[in-house]
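Below is one structure, written out as structure tokens, with a few remarks after it.
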Amino acid sequence: MSHPANHPIELLRFNTCGSVDDGKSTLIGRLLYDSKNLMEDQLEALERSADITGGGQINLANLTDGLRAEREQGITIDVAYRYFATPRRKFIVADTPGHVQYTRNMVTGASTANLSIVLVDARQGVIEQSRRHTYIASLLRIPHLVIAVNKMDLVDWSHERFLEIRDAFEAFLPRLDMKDVKFIPMSALNGDNVVDPSKHTPWYVGPTLLGHLEDVHIASDWNLSGFRLPVQWVNRPNNPRDPALHDFRGLSGQIAGGIVKVGQKVMVLPSGLKSTVKEIWTYSGKLQEAFCPQSVTLVLADDLDISRGDMVVGLDALPGAGTDLHARVAWMHPRPLQRGKKYLLKHTTQTVQSVVTALENRIDIHTYEPQPEPAELAMNDIGEIRLKVAKPLVFDGYATNRLTGSFVLIEPGTNATVAAGMLQPPLEAVRPEYNDFAI
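Residues in the sequence shown are numbered from 4 upward in steps of one, following the working numbering.
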């Protein structure tokens, strides 16, 4: 699929993860500092904090560690988002915590990422948190992975040490189905191989981290094979002074998969009613075609009964639908997940009531092996569960479509988000026969 010549600069979302004190916040600070993406007031604030807490040396981690407790303890607790840009690409980066007890924050920061950077301390090598965060990156189906072997200056830029760490990762990466993995030796503190190439690594011939972030191919990360538009709202301007808007009725939302064109036959689910796309509108005007993840308003040729939570889909590669769901979840709440508990389930643009009918397994993060039928899932546990929802959900498997295959569980009463979920693909045997109503 070729994008128009005037298509805006691509946006790459990425996150950093790794164990405590591996240098995640420092790395992001170095990226911002060396790529000249800091305002004068930010630089002045860095210099002031250097005099107070850094003994006169600028602490680049302070650019993302905004909480007072983070600065005092020298750790990252919450997810911090930063925006920066180069002439070639725009970036949103999530700095996520390294502590085991903040695994849920790492899931939050990585859930929308195109790319994940796992930092490894060259002295420590591959530890449990390295394995945990690499597993979560694969669980969330993040398409691109960078293993940033940091603090290479503290092991005298040893090529042998770099190869040892690479081999340790490659021993378990095949089990995680990660297809695009890049290993980069660096020193975030000194800036080696972050934005500028390092003279200390003549044995490394690959790109710098920023060079890789600018060049990595992300256009095909989105699912473009099956059209999906979860309806966010029905757009009725009803402007009597504008005849064109007086009877306007459009379906607004963000395309969650595929491509849509004017004249294309579509189906509205769960009703199964069919129609044809008459017009495609965006903020800047009409289009002949649109693709994921654009936000659009569709006008159909027929006046169908459609509301928020319905999904407009193409007639090829239809999604599944059902009330019995099989999913993998990352549990995020201090109160454990147990069988029989009731939660609100938010999927695309609708929220439905649900009940946990079974806990199938809990993943042992050391071995990646499932432990069957646990009594509960504690905070930061990952496991597979079964759910029953109050009304049929239209969905794809998470491996097929990250947007229509994901959900969150919300605790009634407190409205706390307690889990992030990834739906398993619907079984062909129970894939519904949608009503064949042609208008």
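Ideal placement from N, C-alpha and C gives every residue a C-beta, glycine not left out. Only a predicted model underlies this, so the values are computations on that prediction, with no experimental measurement involved.
Check                                                                                                                                                                                        : Outcome
Excluding the 5 residues preceding and the 5 following D384 in the sequence, name in chain order all residues of the same chain whose CB lies nearer than 7 angstroms to its CB.             : W334, R365
Starting from the Cα of V265, find the closest Cα among I120, W284, L272 and give me that residue.                                                                                           : W284
Can you give me the start and stop residues for the alpha helix (DSSP H) that H162 sits inside?                                                                                              : 162 to 175
If contact is defined by three or more beta carbon pairs under 8 angstroms, each pair taking one atom from either stretch, is the segment 168 to 181 in contact with the segment 214 to 222? : no
Secondary structure at Q132, three-state DSSP: helix, strand or coil?                                                                                                                        : helix
Determine the extent of the beta strand (DSSP E) in which R389 is found, giving its start and end residues.                                                                                  : 385 to 398
What does the alpha-carbon distance come out to for the pair F165 and L390?                                                                                                                  : 44 angstroms
Buried or exposed for D195, please, with buried defined as at least 16 other CB atoms from any protein chain shown within 10 angstroms of its CB.                                            : buried
For A402, does the count of other Cβ atoms within 10 angstroms reach 16, so buried, or fall short, so exposed?                                                                               : exposed
Going by other Cβ atoms of all chains shown within 10 Å of its Cβ, with 16 needed for buried, is S310 buried or exposed?                                                                     : exposed
Along the beta strand (DSSP E) that carries T119, what are the first and last residues, could you check?                                                                                     : At residue 119 the sequence reads Ser, which differs from the Thr that was named. From DSSP, the beta strand (DSSP E) with S119 extends over 118 to 124.
Per DSSP, what kind of secondary structure is V184 in: helix, strand or coil?                                                                                                                : strand
Look at the Cβ atom of T300, then the Cβ atom of G253, and state whether they are nearer than 8 angstroms.                                                                                   : yes
Taking the alpha carbon of L142 as the reference point, which residue from G408, G343, G323, G416 has its own alpha carbon closest?                                                          : G408
According to the neighbour-count rule (16 or more other Cβ atoms, all chains shown, within 10 Å of its Cβ), is K277 buried or exposed?                                                       : buried
Run through DSSP, which three-state label would M382 get?                                                                                                                                    : coil
Grab the span of the beta strand (DSSP E) containing T360 for me, first residue to last.                                                                                                     : 353 to 366
Decide if S201 is buried, meaning its Cβ has at least 16 other Cβ atoms within 10 Å, or exposed.                                                                                             : buried
Quick one: residues in its chain with C-beta nearer than 6 angstroms to the C-beta of S357, no 5 flanking neighbours on either side, listed in chain order?                                  : Y346, L348, L390, V392
Decide if G58 is buried, meaning its Cβ has at least 16 other Cβ atoms within 10 Å, or exposed.                                                                                              : Note that G58 scores a pLDDT of 43, beneath 50, so its modelled location is shaky and nothing firm can be said.
Please return the same chain residues whose Cβ sits closer than 6 angstroms to the Cβ of L14, not counting the five positions on each side in sequence.                                      : K93
Which residues in the same chain have their Cβ closer than 8 angstroms to the Cβ of D54, if we skip the five residues on either side of it in sequence?                                      : At D54, the pLDDT of 41 sits below 50, so the modelled position is not reliable and the matter cannot be decided from this model.
Alpha carbons only, please: which of D250, C20, S119 is nearest the one belonging to N238?                                                                                                   : D250
Can you give me the start and stop residues for the alpha helix (DSSP H) that K27 sits inside?                                                                                               : 27 to 37
Measure the C-alpha to C-alpha separation of G77 and G128 and round it to an integer number of angstroms.                                                                                    : With a pLDDT of only 41 at G77, under the threshold of 50, the placement of this residue in the model should not be trusted, and no figure is reported.
Looking only at its own chain, which residues have a Cβ that is under 6 angstroms from the Cβ of Y207, when we skip the five neighbours before and after it?                                 : P188
Can V198 and A151 be called in contact, C-beta distance under 8 angstroms?                                                                                                                   : no
Mind reading off the beta-carbon distance from A191 to G26? Whole number of angstroms is fine, and I expect it under 8 angstroms.                                                            : 4 angstroms
Exposed or buried, D305, counting other C-beta atoms within 10 Å across all chains shown (16 or more means buried)?                                                                          : exposed
Taking C-alpha atoms, which residue in F410, E163, S114, R91 lies nearest to R126?                                                                                                           : E163
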